[in-house]
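Asks:
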Amino acid sequence: MKIRTCLALSLALLMAAAVHADTIVLRGKAPISGVKIKSETFEKVVYNQGRGSQEVPSSEVLAVIYDGPPRDFRLGLERLNLGDFVNAIERLKSVASSGADAERPW
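If you count the sequence shown from 1, position 75 lands on 142 in this note's numbering, and the numbers rise without skipping.
(1) Taking C-alpha atoms, which residue in 156, 91, 159 and 158 lies nearest to residue 123?
(2) Can you give me the Cβ contacts of residue 113 inside the same chain, cut-off strictly under 7 Å, excluding the 5 residues immediately before and after it?
(3) Restricting to Cα atoms, I'd like to know which of 102, 111, 88 and 162 is closest to residue 139.
(4) Output the distance between the C-alpha atoms of residue 141 and residue 126, rounded to the nearest integer angstrom.
(5) Using beta-carbon positions only, say whether residue 144 and residue 94 come within less than 7 Å of one another.
(6) Over what stretch of residues does the alpha helix (DSSP H) that includes residue 127 continue unbroken?
(7) Have a look at 137, 116, 164 and 152 and flag the residue whose alpha-carbon is nearest the alpha-carbon of residue 99.
(8) What would DSSP say about residue 143, mapped onto helix, strand or coil?
(9) Excluding the 5 residues flanking residue 165 on each side, which residues of the same chain have their C-beta closer than 7 Å to its C-beta?
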């Protein structure tokens, strides 16, 4: 029973890590949800939805709402606030070295 629970939890965590839930709020149109923002400039917002990269002119964008920061980033800040500097550094280094979300603002 424990093995099944561990496998189910591991699968759920892997699936959650793969999902990006950024949202682009547009003027007078439905928001574009479940995307990963690649870049924002004054001219356009570039995002991935599915396999391909797409863009929308910035003049049509009211807001870009990012999904939360990576888990290790949150845990690193939590450890830092608790005074656990060694573990905080390890968590934050893992985020910095992963490069997975290098374009993110955190």
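For every residue, glycine included, the Cβ atom is placed at its ideal position computed from N, Cα and C.
Replies: The relevant details are as follows:
(1) Taking the first residue of the sequence shown as 1, we reach residue 123 at position 56. Checked all of 156, 91, 159 and 158; the closest Cα to residue 123 is 91.
(2) The count along the sequence shown starts at 1 and reaches residue 113 at position 46. Excluding sequence neighbours, residue 113 sits near 105, 106, 120 and 122.
(3) Along the sequence shown, read from residue 1 onward, the residue named residue 139 stands at position 72. Ranking 102, 111, 88 and 162 by Cα distance to residue 139 puts 162 first.
(4) Translated into the one-based positions of the sequence shown, residue 141 becomes position 74. Translated into the one-based positions of the sequence shown, residue 126 becomes position 59. Between residue 141 and residue 126, the C-alpha separation is close to 33 Å.
(5) Counting from one through the sequence shown, the residue named residue 144 turns up at place 77. Counting from one through the sequence shown, the residue named residue 94 turns up at place 27. No; because the gap between Cβ atoms is not below 7 Å, this pair is not in contact.
(6) In the sequence shown, counting from the first residue as 1, residue 127 sits at position 60. From DSSP, residue 127 is part of no alpha helix (DSSP H); its letter is neither H nor E.
(7) As a first step, residue 99 must be located in the sequence shown, where it is residue number 32. When each option's Cα is compared against that of residue 99, the closest is 116.
(8) Residue 143 sits at position 76 when you count from the first residue of the sequence shown. Note: residue 143 maps to helix in three-state DSSP.
(9) Position 98 of the sequence shown holds residue 165. If we look at residue 165 and ignore the five residues flanking it on each side, it has no Cβ neighbours.
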